[in-house]
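Residue numbers (our numbering): 2 to 114.
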């Protein structure tokens, strides 16, 4: 039976949300010198959709994506991947989640040793 992309064996898209962020904040540092990279993001991305994240340098795109994927932890708020709350997961749980459910294409892959 064809899946979502028409290929046999490909998984069909399921209804629901792929990613959901509620009140996500990410702050680096403290006091007057603190950098507020994310200031209360509320976002829901449905499964089976394509989303482009665009903005000028320093606008928080990479920080948003890292928090949404469990590579970085938000300072406040919650992140859900496919209905699973990841904000309170341990590093081992996050590693397993990323290993089994996520894929990454890094922008500067050629810079890795």
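The C-beta atom is built at its ideal place from N, Cα and C for all residues, glycine as well. Being a predicted model, the structure only gives us computed values, none of them experimental.
Answer with buried or exposed for residue 25, where buried requires no fewer than 16 other C-beta atoms within 10 angstroms of its C-beta.
-> buried
Burial state of residue 9, where buried means 16 or more other Cβ atoms lie within 10 Å = Summary for residue 9: the model assigns pLDDT 48, below 50, so the residue's position carries little reliability; its value from the coordinates is reported in the next sentence. It is exposed - the Cβ of residue 9 has fewer than 16 other Cβ atoms within 10 Å.
Pair within 8 Å by beta-carbon distance, residue 95 and residue 71 = yes
Delimiting residues of the alpha helix (DSSP H) encompassing residue 66 | 62 to 69
Residue 64 to residue 54 span [Cα, whole Å] | 11 Å
Nearest residue (CA-CA) to residue 90, options 105, 106, 68 and 107 = 68
Check each candidate in 48, 106, 38 and 101 and name the one with the smallest Cα separation from residue 58.
-> 38
Mapping DSSP to helix, strand and coil, what is residue 79?
-> strand
Sort 18, 61 and 33 by Cα distance to residue 47 and report the nearest one.
-> 18
Going along the chain, which residues of its own chain have a beta-carbon closer than 6 Å to the beta-carbon of residue 21, five neighbours each way excluded?
-> 45 and 81
Where do the ends of the beta strand (DSSP E) carrying residue 95 lie?
-> That residue, residue 95, is in no beta strand (DSSP E); its alpha helix (DSSP H) goes 92 to 102.
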